[in-house]
Ligand SMILES: *Cc1c(COP(=O)(O)O)cnc(C)c1O
């Protein structure tokens with residue numbers, strides 16, 4: 298049976314609590330890029346993650362851009378980033394005219410390989426340039442191997458930035474992602490675990506960095522009665538309206554994480570007997586993923602020759618939205634010339650991987666129809 302309604306990969310999910318904060322903003326005429334919703338949302342985010350400060354911004358991408366500026370990354374510098382990610386992780390490295398150094402994944406969490414990371418650092422140093430920062434991504438909510446990555450970052454004294462855009466609510470060894478780096482970023486885009494319609498945050502324990510980020514994000518105005526500028530500024534602050542939506546979403550964040558995880562366990566149980574399917578799984582109890590998206594790999598040798606693309610097209614014919622895993626940055630035309638430290642892992646993940654419908658407002662019937670469609674084509 299074809300599903301009459303499209304089943305979405307990851308849809309926004311209102312809580313019903315947003316309106317009171319929007320109403321307060323409207324009633325007080327605070328339709329502005331600053332205001333009480335912004336201040337409160339920042340406190341809530343920082344408190345949740347366990348960092349001293351959060352700066353609410355217009356996007357996660359803007360937060361990465363500011364983090365690089367705050368680290369003094371400039372034209373000609375090199376910045377290491379996970380290659381297996383969304384382009385928004387890497388684009389800001391080009392905004393500051395630096396060179397992305399792309400590092401491949403390990404097969405356990407699918408995130409940055411500590412082995413490739415150290416190989417990249419040593420090689421860049423031997424070529425005369427020490428990377429200015431490392432941006433590590435936690436894809437689909439799965440924590441990267443943080444002990445190993447942090448110890449390499451500190452051994453070579455390179456500041457770490459966590460791109461936790463997909464990992465709000467995930468933990469590593471009981472500590473929330475977004476609290477490990479010197480500066481870390483979150484996204485509240487429409488498809489993420491919670492949404493403000495669009496937005497992001499920069500997190501840090503460092504007072505100086507955060508106050509500088511606020512200065513830069515609001516057009517870099519010097520202290521003066523007139524508009525005086527001694528540095529280039531940006532218009533990156535989150536509006537008081539948008540932050541109101543965020544406050545309404547924060548109230549249900551734990552429920553959203555629980556539901557996304559429940560989607561994962563449901564798919565895993567229902568599809569356990571199907572040959573050729575494997576999942577992105579927590580390697581052990583140190584890892585706690587929000588399972589933002591449930592992601593699977595298809596092994597054609599065990600699925601009677603059926604490929605990821607066969608599955609995707611079949612589901613599409615049933616009006617079910619799925620998506621291949623992120624295409625690694627070292628395979629993207631725009632980053633093809635960047636130095637890359639690869640091991641074949643993310644190439645294979647991209648080739649064989651698929652993201653399943655994982656919305657927190659997906660219905661049981663919708664999930665069942667995803668499961669039965671997968672079984673139809675693979676069993
Ligand atoms: C969504 C996302 C971003 C960018 O966040 P925006 O708020 O959309 O700018 C960055 N990195 C990753 C891994 C993402 O998934």
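In this note's numbering, the protein residues as written are 298 to 676. Glycine included, C-beta positions come from ideal geometry on N, C-alpha and C. All of these numbers come straight from a predicted model, not from anything done at the bench.
Which runs of the alpha helix (DSSP H) spanning at least 4 residues fall entirely within the segment 481 to 514, listed in chain order? Fully contained in the segment 481 to 514 are the following alpha helix (DSSP H) runs of length 4 or more, in chain order: 504 to 514.
Tell whether a beta-carbon distance below 7 Å holds between residue 475 and residue 459. Translated into the one-based positions of the chain shown, residue 475 becomes position 178. Translated into the one-based positions of the chain shown, residue 459 becomes position 162. Against a cut-off of 7 Å, the Cβ pair of residue 459 and residue 475 comes out as a contact.
Once you ignore the five residues that flank residue 298 on each side, which residues in its own chain have a CB closer than 7 Å to its CB? Position 1 of the chain shown, counted from the first residue, corresponds to residue 298. Confidence is the limiting factor: at residue 298 the pLDDT is only 49, short of 50, which leaves the residue's position unreliable, though a coordinate-based value still follows. Contacts found: none.
Closer than 6 Å: residue 463 CB and nearest ligand 1 heavy atom: The residue labelled residue 463 in the question sits at position 166 within the chain shown. Answer for residue 463: yes, Cβ within range of ligand 1.
Do you know offhand how far residue 338's Cα is from residue 558's? Here residue 338 refers to the residue found at position 41 when the chain shown is read from its first residue. Here residue 558 refers to the residue found at position 261 when the chain shown is read from its first residue. Looking at the backbone, the Cα of residue 338 and that of residue 558 are separated by about 24 Å.
Is any non-hydrogen atom of ligand 1 found closer than 6 Å to the C-beta of residue 400, if you look at the structure I gave you? Your numbering for residue 400 matches position 103 in the chain shown. No.
Say yes only if the C-beta of residue 383 is nearer than 6 Å to one or more non-hydrogen atoms of ligand 1, and no if none qualify. Working through the chain shown from its first residue, we reach residue 383 at position 86. If you check the C-beta of residue 383 against ligand 1, you find a heavy atom less than 6 Å away.
At a cut-off of 6 Å, would you count residue 587 as near ligand 1, judging by its Cβ distance to the nearest heavy atom? Within the chain shown, residue 587 is the residue found at index 290, counting from 1. Checking the Cβ of residue 587 against ligand 1 gives no.
Proximal residues to residue 608 (C-beta, below 8 Å), its chain only, five neighbours per side dropped: The residue labelled residue 608 in the question sits at position 311 within the chain shown. For residue 608, where only same-chain residues beyond five positions count, the Cβ hits under 8 Å are 595, 619, 651, 671, 674 and 675.
What number of angstroms, rounded off, separates the C-alpha of residue 359 from the C-alpha of residue 463? Taking the first residue of the chain shown as position 1, residue 359 is located at position 62. Taking the first residue of the chain shown as position 1, residue 463 is located at position 166. Spanning the two alpha carbons is a distance of roughly 15 Å.
Please state whether DSSP places residue 576 in a helix, a strand or coil. Within the chain shown, residue 576 is the residue found at index 279, counting from 1. Here residue 576 sits in strand by DSSP.
Alpha-carbon to alpha-carbon, residue 506 and residue 480: As a first step, residue 480 is located in the chain shown; it is residue number 183 there, counting from the start. As a first step, residue 506 is located in the chain shown; it is residue number 209 there, counting from the start. Cα-Cα distance, rounded: 8 Å.
Sort 628, 643 and 642 by Cα distance to residue 636 and report the nearest one. Here residue 636 refers to the residue found at position 339 when the chain shown is read from its first residue. Proximity to residue 636 across 628, 643 and 642 peaks at 628, based on C-alpha coordinates.
Whole-Å CB distance - residue 577 paired with residue 437, under 8 Å assumed: On the chain shown, position 280 is the one that residue 577 refers to. On the chain shown, position 140 is the one that residue 437 refers to. Their Cβ separation, rounded to whole angstroms, is 6 Å, which keeps residue 577 and residue 437 in contact under 8 Å.
Which residues in the same chain have their Cβ closer than 6 Å to the Cβ of residue 473, if we skip the five residues on either side of it in sequence? In the chain shown, counting from the first residue as 1, residue 473 sits at position 176. Hits under 6 Å: 346 and 347.
When we look at the beta-carbon of residue 632 and count the other beta-carbons within 10 Å, is it buried (16 or more) or exposed? Within the chain shown, residue 632 is the residue found at index 335, counting from 1. In the assembly as shown, residue 632 is a buried residue. Its beta-carbon has 16 or more other beta-carbons within 10 Å.
Span separating the alpha-carbon of residue 333 from that of residue 478: Here the question's residue 333 lines up with position 36 in the chain shown. Here the question's residue 478 lines up with position 181 in the chain shown. Rounded to the nearest angstrom, the two C-alpha atoms are 27 Å apart.
Residue 357: buried (16+ other C-beta within 10 angstroms of its C-beta) or exposed? Looking up residue 357 in the chain shown gives position 60. Residue 357 counts as buried, since at least 16 other C-beta atoms from the protein chains shown sit within 10 angstroms of its C-beta.
Near residue 564, which residues of its chain fall below 8 Å by C-beta distance, leaving aside the five closest residues on each side in sequence? Taking the chain shown and counting its residues from 1, one reaches residue 564 at position 267. Apart from the 5 residues on each side of it in sequence, residue 564 sits with its Cβ closer than 8 Å to the Cβ of 576, 591, 593, 653, 664, 667 and 668 in its chain, given in chain order.
Outcome for residue 352 when other beta-carbon atoms lying within 10 angstroms are tallied against a minimum of 16: For the purposes of this step, residue 352 is identified with residue 55 of the chain shown, where counting begins at 1. Answer is buried; the Cβ neighbour count reaches 16.
Please work out which residues of its chain come closer than 8 Å, Cβ to Cβ, to residue 398, disregarding the five sequence neighbours upstream and downstream, and give them in chain order. Looking up residue 398 in the chain shown gives position 101. Closer than 8 Å at Cβ, skipping near neighbours: 375, 376, 377, 378, 417, 421, 428, 635, 636, 637 and 638.
List in chain order: all unbroken beta strand (DSSP E) runs of 3+ residues lying wholly within the segment 392 to 452. If only uninterrupted beta strand (DSSP E) runs of at least 3 residues are considered, those enclosed by the segment 392 to 452 are 396 to 400 and 430 to 434.
Whose C-alpha, out of 383, 415 and 365, is nearest the C-alpha of residue 394? Residue 394 sits at position 97 when you count from the first residue of the chain shown. Of 383, 415 and 365, the residue nearest in Cα terms is 365.
First and last residue of the uninterrupted beta strand (DSSP E) at residue 646: In the chain shown, the residue the question calls residue 646 occupies position 349. For residue 646, no beta strand (DSSP E) segment is defined; the enclosing uninterrupted segment is the alpha helix (DSSP H) at 642 to 649.
Residue 385 in three-state terms, based on DSSP: Taking the chain shown and counting its residues from 1, the one referred to as residue 385 is at position 88. Helix, per DSSP.
By DSSP, does residue 335 sit in helix, in strand, or in coil? Counting from one through the chain shown, the residue named residue 335 turns up at place 38. Assigned with DSSP and collapsed to three states, residue 335 falls in helix.
Report the start-end ranges of each alpha helix (DSSP H) in the segment 526 to 565 that is 4 residues or longer and not cut off at the edges. Complete alpha helix (DSSP H) runs here, min 4: 537 to 547.
Would the beta-carbon of residue 379 be found less than 6 Å away from any heavy atom of ligand 3? Ligand 3 is not part of this structure, which contains only ligand 1.
Under 7 Å, do residue 539 and residue 570 count as touching if we go by C-beta distance? Against the chain shown, residue 539 aligns to sequence position 242. Against the chain shown, residue 570 aligns to sequence position 273. No. Outside cutoff.
Residue 364 lies in the alpha helix (DSSP H); which residues open and close that run? If you number the chain shown from 1, residue 364 lands on position 67. Membership of residue 364 in the alpha helix (DSSP H) is indicated by the continuous run 357 to 367.
Counting only the same chain and skipping the five closest in sequence on each side, list residues whose C-beta sits under 6 Å from that of residue 492. Taking the first residue of the chain shown as 1, we reach residue 492 at position 195. Excluding positions up to five away in sequence, the list reads 309 and 485.
What are the residues that DSSP puts in a beta bridge with residue 329? Locating residue 329 in the chain shown gives position 32, where the first residue counts as 1. The beta-bridge partner set that DSSP reports for residue 329 is empty.
For residue 351, the three-state DSSP class (helix, strand or coil): As a working note, residue 351 is residue 54 in the chain shown. Three-state DSSP puts residue 351 in a strand.
Proximity of residue 402 and residue 643 at Cβ, strictly below 7 Å: Reading the chain shown from its first residue, position 105 is the one you call residue 402. Reading the chain shown from its first residue, position 346 is the one you call residue 643. Contact: yes.
Could you tell me if the beta carbon of residue 460 falls within a distance shorter than 6 Å of some heavy atom in ligand 1? Residue numbering aside, residue 460 sits at position 163 when the chain shown is read from its first letter. Yes - ligand 1 has a heavy atom lying nearer than 6 Å to the Cβ of residue 460.
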